[in-house]
Amino acid sequence: LKSYVRKMKLNTTSGKRTSTVLIYKKALKKSKGVIGIITAGTSDIGIAEEARLMCESMNCKCICSYDVGIAGIHRVFPILKEMKSKDVDAIIVVAGMEGALPTLVSSLVDVPVIGVPSSIGYGYGGKGVAALASMLQSCALGLSVVNIDNGIGAGAIAGNIANRASKN
1 LKSYVRKMKL NTTSGKRTST VLIYKKALKK SKGVIGIITA GTSDIGIAEE ARLMCESMNC
61 KCICSYDVGI AGIHRVFPIL KEMKSKDVDA IIVVAGMEGA LPTLVSSLVD VPVIGVPSSI
121 GYGYGGKGVA ALASMLQSCA LGLSVVNIDN GIGAGAIAGN IANRASKN
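Right under this line is the structure:
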């Protein structure tokens, strides 16, 4: 792949802890759309990076903060304060295990939140099933949910929201 990219004079961007690679010919232009991306744990970073690459391919700026799960709930508040101050248009939240972080975030912000259940987890609700069920059962307003490990889908939704919001 590297030799092909060099031969064709293409640019690449890759994510941390993911095999996803964004390949493009012209430099990506940035819109005014801004997206926040949060993970509950470090195991969720690969999925978040897929979402980030998708958002960037849609010309959006991303503000990322990883490992801010509710096991250390005090870590969430400064991150959300920063995202609010940077006027994010949407927030993607990736969480495994019980999947509670998207509900918490959605209850604290006034922008759309896209919950991404990750397949990280074990026990009865392993492989993302408990996280998915938790997010789908949430009563927090403004939370939408994509399927397990669907960082690409979450990035596409957030990119559409941010690009639409930046037109106004």
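Count the sequence shown with full-length UniProt numbering and you get residues 1 to 168, in order. Glycine included, C-beta positions come from ideal geometry on N, C-alpha and C. A quick note: this is a predicted structure, and the numbers were derived from the prediction, not measured.
- Residue state for T39 is assigned as strand, using DSSP reduced to three classes.
- G96 is not a Cβ neighbour of E50, given a cutoff of 8 Å.
- Assignment of I70 by DSSP, reduced to helix, strand and coil, places it in the helix class.
- Where G151 is concerned, the enclosing alpha helix (DSSP H) starts and stops at 151-167.
- The C-beta distance from V93 to V111 rounds to 12 Å, too long to fall under 8 Å, and the pair is not in contact.
- Rounded to the nearest whole angstrom, the CA to CA distance from G155 to L132 is 17 Å.
- Under the Cβ criterion (8 Å, minimum of three pairs), the segment 24-43 counts as touching the segment 145-162.
- If you check the CB distance, T20 and L53 come in under 8 Å.
- Residue environment: A71 is assigned as exposed (fewer than 16 neighbouring CB atoms within 10 Å of its CB, all protein chains considered).
- For L136, the uninterrupted alpha helix (DSSP H) run begins and ends at 129-136, by DSSP.
- The continuous alpha helix (DSSP H) containing I47 extends over residues 45-57.
- The shortest C-alpha to C-alpha distance from K84 to any of G69, L1, K9, S106 is the one to S106.
- Taken through DSSP and simplified to helix, strand or coil, S107 comes out as helix.
- 8 Å or more divides the Cβ of G69 from the Cβ of L108.
- Rounded to the nearest whole angstrom, the C-alpha separation of A165 and G151 is 21 Å.
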